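Quick note, the sequences are listed as chains A and B, same order.
Take the first sequence: its letter number 256 is residue 256 in the working numbering, and every next letter is one higher.
Just add 337 to the spot in the second sequence (first one is 1) and you have the working numbering.
Where is the CB? At the ideal position from N, CA and C, for every residue including glycine.
Note that this is a predicted model, so its numbers are computed, not measured.
Data first, discussion second: the structure below is written as structure tokens.
There are 2 protein chains.
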Amino acid sequence: MAILVTGGSGYVGLNVVEALARAGREVVSFDMTLPPPVAAVELSSLPGRVHSVDGDLLDAGALDRAFHAAPIEAVVHTAAVTSGPAREASDPARVFQVNVIGTIGLLEAARRAGVNRVVVTSSGAAYGESLYRPGLMEEDATPVLPTTLYATTKYAAERTVRRLAELWRMEVACTRLGTLIGPWERDGSSHAQGVRDNFGPHSQLACIAVAGGEAVLPAEECTRDWVYSADVGRALVMLADAPSLPHAVYNLSAGIDWTGDIAAWCEVLAARFPGFRHRTAQPGEVPNIHYTDRARSLMSVQRLEADHGFVAMRDRAAIHNAFADWVGQVGRVWYAS
Amino acid sequence: MAILVTGGSGYVGLNVVEALARAGREVVSFDMTLPPPVAAVELSSLPGRVHSVDGDLLDAGALDRAFHAAPIEAVVHTAAVTSGPAREASDPARVFQVNVIGTIGLLEAARRAGVNRVVVTSSGAAYGESLYRPGLMEEDATPVLPTTLYATTKYAAERTVRRLAELWRMEVACTRLGTLIGPWERDGSSHAQGVRDNFGPHSQLACIAVAGGEAVLPAEECTRDWVYSADVGRALVMLADAPSLPHAVYNLSAGIDWTGDIAAWCEVLAARFPGFRHRTAQPGEVPNIHYTDRARSLMSVQRLEADHGFVAMRDRAAIHNAFADWVGQVGRVWYAS
Numbered sequence: 001m002a003i004l005v006t007g008g009s010g011y012v013g014l015n016v017v018e019a020l021a022r023a024g025r026e027v028v029s030f031d032m033t034l035p036p037p038v039a040a041v042e043l044s045s046l047p048g049r050v051h052s053v054d055g056d057l058l059d060a061g062a063l064d065r066a067f068h069a070a071p072i073e074a075v076v077h078t079a080a081v082t083s084g085p086a087r088e089a090s091d092p093a094r095v096f097q098v099n100v101i102g103t104i105g106l107l108e109a110a111r112r113a114g115v116n117r118v119v120v121t122s123s124g125a126a127y128g129e130s131l132y133r134p135g136l137m138e139e140d141a142t143p144v145l146p147t148t149l150y151a152t153t154k155y156a157a158e159r160t161v162r163r164l165a166e167l168w169r170m171e172v173a174c175t176r177l178g179t180l181i182g183p184w185e186r187d188g189s190s191h192a193q194g195v196r197d198n199f200g201p202h203s204q205l206a207c208i209a210v211a212g213g214e215a216v217l218p219a220e221e222c223t224r225d226w227v228y229s230a231d232v233g234r235a236l237v238m239l240a241d242a243p244s245l246p247h248a249v250y251n252l253s254a255g256i257d258w259t260g261d262i263a264a265w266c267e268v269l270a271a272r273f274p275g276f277r278h279r280t281a282q283p284g285e286v287p288n289i290h291y292t293d294r295a296r297s298l299m300s301v302q303r304l305e306a307d308h309g310f311v312a313m314r315d316r317a318a319i320h321n322a323f324a325d326w327v328g329q330v331g332r333v334w335y336a337s
Numbered sequence: 338m339a340i341l342v343t344g345g346s347g348y349v350g351l352n353v354v355e356a357l358a359r360a361g362r363e364v365v366s367f368d369m370t371l372p373p374p375v376a377a378v379e380l381s382s383l384p385g386r387v388h389s390v391d392g393d394l395l396d397a398g399a400l401d402r403a404f405h406a407a408p409i410e411a412v413v414h415t416a417a418v419t420s421g422p423a424r425e426a427s428d429p430a431r432v433f434q435v436n437v438i439g440t441i442g443l444l445e446a447a448r449r450a451g452v453n454r455v456v457v458t459s460s461g462a463a464y465g466e467s468l469y470r471p472g473l474m475e476e477d478a479t480p481v482l483p484t485t486l487y488a489t490t491k492y493a494a495e496r497t498v499r500r501l502a503e504l505w506r507m508e509v510a511c512t513r514l515g516t517l518i519g520p521w522e523r524d525g526s527s528h529a530q531g532v533r534d535n536f537g538p539h540s541q542l543a544c545i546a547v548a549g550g551e552a553v554l555p556a557e558e559c560t561r562d563w564v565y566s567a568d569v570g571r572a573l574v575m576l577a578d579a580p581s582l583p584h585a586v587y588n589l590s591a592g593i594d595w596t597g598d599i600a601a602w603c604e605v606l607a608a609r610f611p612g613f614r615h616r617t618a619q620p621g622e623v624p625n626i627h628y629t630d631r632a633r634s635l636m637s638v639q640r641l642e643a644d645h646g647f648v649a650m651r652d653r654a655a656i657h658n659a660f661a662d663w664v665g666q667v668g669r670v671w672y673a674s
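Structural data, given as structure tokens:
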């Protein structure tokens, strides 16, 4: 039996597809675009079997084709518009169409295909205003006050799938993801099909490292609730396979203090890529590295560990080494493509 | 200058249009259907001027026609699908299309027309799981955990208009309405164009009272956070006119204990409508009056009073008398039509 991954050519989706392919599983990857060639080559070297189906999440016929490309036992739904302020101001309805109506359409297609288990990627962004208050964010206790349209659609999709799971008797879990760092992030703004408006600072630095050049960092570091992207892929597969889903929502992040991580990542890159230099911007100078938000508080990761025994990598040096290995092997081509 | 009321033929909308017409104002009522004849006759007897424009909220051209039917200074947005479980299970996407994408389209149309002030009707239903916990519900402090799709769309629309107001520099306030009792409620399930699946017990009883007959009540009374519908109309007009909107969200209800209200309302109807009888169902008997939800906790109504000096009617006898007057005069025809 196969797992269907929507958004399989995107940042989260590629990590899920890779985790499945690495475990020798059969995967149907559904996306508007086929996997980028660099990723396709990597995936083809792994023991699993990946079928790629291109189509629009809002096209019921395309979804049905994906559900019939292999015998599907569960879905990991990562397809989304990850919108920034410009896209939200210029085309707000589209963000809702894809992120909420698209999720409804996916559940309808799963129901038609008799597939009962769907894992939906939500986002820590859903906490919204609560992200900038002190204290750990807990799934039920922390008020969910989304500020951006992206975050609003993520919370709306959570509550929607919860309701439809009840009405349609499906098994659904939503994961509020921390901010991913690691393999397979692309600068969406540079791709015609890009629907990911944010490009994280670790990847920005990796880009400069493989190209050779100087990173000029903002004077003040900004930390987020980061999590290694390959861990997110593994966790989503684990939930797709889990014998039961005791909770409807799980925070999914590393749950560790990331203070000083950008400086540490620069040192790792500098040691591996001799052409890479980095310094802090002078007063008045415009940095060429930017942070995509303010610092955020951390999510509690207790529930996912208690229910499913899942713990993400928490050793920052190990994360940096794993990511730097990937940057050296795959990232050289990936970031240039 | 005129006020545009979307959903002007619906329950909340007719109360807003009536409040405006009563105050001698100019109104553009926009709805999929023209106002029901009974309402049109009533409205024509009032000093204001009501222009009716029929069109679909999802049709940008129809919205533009509404904005050009008179010089609009503000919008009261009440158009929505008030969905029950059957509709949510059979056509979930439609609930989102109308309640969220429709709200985005309305704000876009307001922006095109240069109209800056929009008052959006949300619902106490948005509090969801919190409604069934003890304690007053406060706009910011109480976790918003919508359970139904209707409630999810209402919260999503709130956060969406807040975001768009920030991006587009508009003045927007959302009102979380208590459960309306009073004039202009229709049993949506009996109308082809009905998009209101719930029909409250006070109106169910008024229907039986004007037709003459016996109401068989459930053994256990269920109270809600009720508010007189004409008050909701007045409050929404007040917010459309308010010099400023210090908060983005306001609870709007009576904020009083309604224990025993169904029994009291039956007595008022019995005194005025000799053909009306009422009793409690015997064990095993199916009542012909039903409650549309479980008992709910109350919303705090302090913010609306503090910011805008608005207090809804809190004298239950006065509400019953006002509603019974309407039932005797207009309701006789309204409920039969």
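Within chain B, not a single residue places a beta-carbon under 8 angstroms from that of residue 256 of chain A; the smallest gap is close to 26 angstroms. About 16 angstroms separates the CB atoms of residue 75 of chain A and residue 158 of chain A; that is not less than 8 angstroms, and the two are not in contact.
Remark: fewer than three beta-carbon pairs, one from each stretch, lie closer than 8 angstroms, so the stretch 360-378 of chain B and the stretch 535-552 of chain B are not flagged as touching.
Counting only runs of 3 or more residues that sit fully inside the stretch 100-132 of chain A, the beta strand (DSSP E) segments are 117-123, in chain order.
Under the criterion of beta carbons closer than 8 angstroms, residue 283 of chain A and residue 216 of chain A do not qualify as touching, at roughly 13 angstroms. With a beta-carbon spacing of about 7 angstroms, residue 29 of chain A and residue 9 of chain A fall inside the 8 angstroms limit used to define contacts. Listed in chain order, the non-local C-beta contacts of residue 535 of chain B below 7 angstroms within the same chain comprise 419, 421 and 629, local neighbours out to five positions each way being set aside. Residue pairing by DSSP places residue 228 of chain A opposite A/181 in a beta bridge.
Chain-ordered, the chain A residues with CB closer than 7 angstroms to the CB of residue 496 of chain B read 146 and 152. Between the alpha carbons of residue 186 of chain A and residue 228 of chain A lies a distance of about 15 angstroms. With respect to residue 4 of chain A, residue 237 of chain A sits apart: the two C-beta atoms are not nearer than 8 angstroms.
A residue is called buried when at least 16 other Cβ atoms come within 10 angstroms of its Cβ; residue 666 of chain B does not meet this threshold and is exposed. Assigned with DSSP and collapsed to three states, residue 366 of chain B falls in strand.
Per DSSP, residue 592 of chain B has no beta bridge partner at all. Of B/426, B/393, B/671 and B/568, the smallest CA-CA separation from residue 368 of chain B is found for B/393. Taking C-beta separations shorter than 7 angstroms and ignoring five residues to either side along the sequence, the partners of residue 54 of chain A in its chain run 31, 32, 33 and 34, following chain order. Here residue 403 of chain B has 341, 365, 367, 390 and 392 as same chain residues with Cβ atoms under 7 angstroms from its own Cβ, once five neighbours each way along the sequence are excluded.
Residue 476 of chain B has its alpha-carbon roughly 18 angstroms from the corresponding atom of residue 131 of chain A. Within the same chain, 320 and 324 come within 6 angstroms of residue 268 of chain A by CB-CB distance, once the 5 residues on both sides are set aside.
One thing to note: residue 105 of chain A has its Cβ no nearer than 8 angstroms to the Cβ of residue 177 of chain A. Annotated as proximal: residue 561 of chain B and residue 633 of chain B, with beta-carbon spacing under 8 angstroms. Under DSSP, the beta-bridge partners assigned to residue 411 of chain B are B/340 and B/454. Chain A has no Cβ within less than 8 angstroms of the Cβ of residue 536 of chain B. Of the residues assessed, residue 557 of chain B falls on the exposed side of the cut-off, its CB having fewer than 16 other CB atoms within 10 angstroms.
Residue range 348-359 is occupied by the alpha helix (DSSP H) that includes residue 353 of chain B. Taking one beta carbon from each stretch, the stretch 230-246 of chain A and the stretch 147-161 of chain A have fewer than 3 pairs nearer than 8 angstroms; the two do not touch. In chain order, 92 make up the part of chain A whose C-beta sits under 7 angstroms from the C-beta of residue 501 of chain B.
Using beta-carbon distances, residue 583 of chain B does not count as an interface residue toward chain A, since no partner is under 8 angstroms.
For residue 67 of chain A, the uninterrupted alpha helix (DSSP H) segment begins and ends at 60-67. Looking at the DSSP output, residue 174 of chain A shares a beta bridge with A/120 and A/249. Only 433, 434, 437, 438, 441, 442, 444 and 445 from the stretch 433-450 of chain B bring a Cβ to less than 9 angstroms from some Cβ of chain A. Within the DSSP secondary-structure output, residue 552 of chain B pairs in a beta bridge with B/615. Of all residues in the stretch 212-223 of chain A, none has a C-beta nearer than 8 angstroms to a C-beta of chain B. In the DSSP annotation of this structure, the continuous segment of the alpha helix (DSSP H) that includes residue 44 of chain A starts and ends at 37-44. In the structure shown, residue 91 of chain A adopts coil according to DSSP, grouped into three states.
Annotation: Cβ neighbours of residue 149 of chain A in chain B (cutoff 7 angstroms, chain order): 497 and 500.
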